Amino acid sequence: MNLLKRLSKERLAIIPLFIIVMVVIIGVFGQNIAPNDPNKVNMALKYASASQIFPLGNDYLGRCILSRMIYAIKPSLIYVILTMIATVGIGCIVGVIAGYFQNTLDEILMRICDILLSFPSEAMVLASAGIFGIGLKTMLMTIIFLRWPWYAKIIRTAVLKYRNKNYVYYMKAIGHTDLRIIFTQIIPSIIPDIAVIATNNINSLILMMSGFSFLGLGIQAPSAEWGMMLSEAKKVVLTHPEQLIAPSSAIVLICVCFAFLGDALRDAADVRRNVDDF
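Quick note on the numbering used here: the sequence shown kicks off at 972 and runs consecutively.
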């Protein structure tokens, strides 16, 4: 709560946070907000210009670009946020256990993390697509599987800073259990660090997801995704460059918002030095 109070005083955070929240809300209620069916084909409107019915025009199949942009928010942003939450959640569990108890289990968990981190994420996503098939689910699960060790090692490092604090020794001395200490002292102490790191790294995940969808490895047609819409627009970049504007602007806007939000979080949490050390 203290972090949120400090964040509310950061002017740099208010606007990007508002934009992100509004985009997420639009994505959640997209079916009720989209003006048209995003998958309805009308070849008579192929590459039609913006109009009152189709505010952003139509694509190569005459589909409403605005409606597709709205429906694309879920796979392009909301699922990415959920993937980040799952990744950080697994990393937090492993990192806290390894960092707090400092026993043989710590060594085993860290060696597992080292093994998984030795594989390049992009190459493993391609390999997973070849083994399990192309699709958004395969890509998301692979990213979670490969990225949680990175967060586990970072969170373990953060836990090590707090486990030897005097107040932790005091709680142990008066008989508090390790579980109580972890949930009342350790986790609240590392939440600012986690929030800053996750926010600053979500941009790379958004770009990765859009990039793989651009290559045809993510969500499949006729569903919409910003990266896939860019892929469709690249075929007519010389004749209809306006087709690139909406999806590319959305990706840039969201990435910029998260970048500013990450900076504001870092200032509010006063963990700039800790993040640099990681």
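We treat Cβ as the ideally placed atom computed from N, Cα and C, and that holds for glycine.
Being a predicted model, the structure only gives us computed values, none of them experimental.
Using C-beta distances below 6 Å, list every residue in its chain close to residue i, excluding the 5 sequence neighbours before and after it, in chain order.
i: D1248; result: For D1248, the predicted structure reports a pLDDT of 45, less than 50, and the residue's modelled location is therefore unreliable. A value from the coordinates is still provided. Here the set comprises nothing.
i: S1092; result: L1117
i: F1103; result: T1109
i: G1070; result: R1127, V1130, L1131
i: S1202; result: F1185
i: G1146; result: none
i: S1099; result: T1109, T1113
i: N1013; result: G1033
i: M1200; result: P1218
i: D1149; result: none
Within the same chain, show all residues whose beta-carbon is closer than 8 Å to that of residue i, passing over the 5 residues directly before and after it, in chain order.
i: D1085; result: P1120
i: V995; result: I1044, L1048, I1049, I1052
i: G1001; result: I1041, Y1042, I1044, K1045
i: A1019; result: F1025, G1028, N1029, G1033
i: V1139; result: Y1133, I1152, Q1156, I1157
i: I1177; result: S1047, L1048, V1051, I1222, I1225, C1226, F1229
i: I997; result: I1004, I1041, I1044
i: V1207; result: Y1018, Y1031, Q1214
i: E1078; result: none
i: L1097; result: L1188
i: S1175; result: none
Using a Cβ-Cβ cutoff of less than 7 Å, which residues in the same chain neighbour residue i once the five nearest sequence positions on both sides are dropped?
i: R977; result: A1239
i: F988; result: Sequence check: residue 988 is Leu here, not Phe. For L988, where only same-chain residues beyond five positions count, the Cβ hits under 7 Å are L1232.
i: A1021; result: L1027, G1028
i: A1195; result: P1009, R1039, Y1042, A1043
i: I1165; result: V1059, C1063, I1126
i: D1087; result: The residue asked about is misnamed: residue 1087 is Leu in this sequence, not Asp. Cβ neighbours of L1087 beyond the five flanking positions: L1117, P1120.
Give me the Cα-Cα distance between residue i and residue j, rounded to the nearest whole angstrom.
i: L983; j: D1234; result: 8 Å
i: V1095; j: I1222; result: What sits at residue 1095 in the sequence shown is Met, not Val. When rounded, the distance between both Cα atoms is 24 Å.
i: K1136; j: I986; result: 37 Å
i: R1127; j: I1158; result: 11 Å
i: G1198; j: A1057; result: 22 Å
i: L1076; j: M1179; result: 32 Å
i: R1082; j: V1059; result: 18 Å
i: R1244; j: K980; result: Residue placement at R1244 cannot be trusted, given a pLDDT of 45 that sits under 50; the coordinates are not used to answer.
i: I1216; j: K1143; result: 58 Å
i: N1171; j: I1115; result: 17 Å
i: F1072; j: A1169; result: 24 Å
i: V1210; j: L1016; result: According to the sequence shown, residue 1210 is Thr rather than Val. Using only the alpha carbons, I get a separation of about 16 Å.
i: I1064; j: S1160; result: 15 Å
i: Y1141; j: I1068; result: 20 Å
i: G1066; j: L1080; result: 9 Å
i: P1193; j: F1090; result: 32 Å
i: G1101; j: N1074; result: 38 Å
i: V999; j: P1212; result: 29 Å
Identify the residues that DSSP records as bridge partners of residue i: which are they?
i: C1228; result: According to DSSP, which records beta bridges pairwise, C1228 is partnered with nothing at all.
i: N1137; result: DSSP lists no partner for N1137.
i: C1035; result: N1029
Would you please state the rounded distance, in angstroms, between the beta carbons of residue i and residue j? I believe it to be under 8 Å.
i: I991; j: C1226; result: In fact, because the Cβ distance is near 11 Å, the residues do not count as touching under 8 Å.
i: Q1214; j: A1204; result: 4 Å
i: M1055; j: I1173; result: 5 Å
i: T1123; j: G1189; result: The identity of residue 1123 in the sequence shown is Ala, whereas the question assumes Thr. The pair is not a contact, with the Cβ atoms about 26 Å apart (cut-off 8 Å).
i: M1023; j: I1105; result: A small correction: the amino acid at residue 1023 is Gln; Met does not occupy that position in the sequence shown. Not a contact, Cβ separation roughly 37 Å.
Are the C-beta of residue i and some C-beta of chain B separated by less than 8 Å?
i: A1166; result: The chain labelled as chain B is not found in the depicted structure, where only one protein chain is given.
Quiz item: Does the segment 997–1013 come close enough to the segment 1023–1042 to have 3 or more Cβ pairs within less than 8 Å?
Solution: In short, these stretches touch, since the Cβ pair count reaches three.
Practice problem: Could you tell me whether the segment 1170–1183 touches the segment 1104–1121, where touching means 3 or more Cβ pairs closer than 8 Å? | Solution: The segment 1170–1183, when compared against the segment 1104–1121, does touch it at the 8 Å Cβ threshold.
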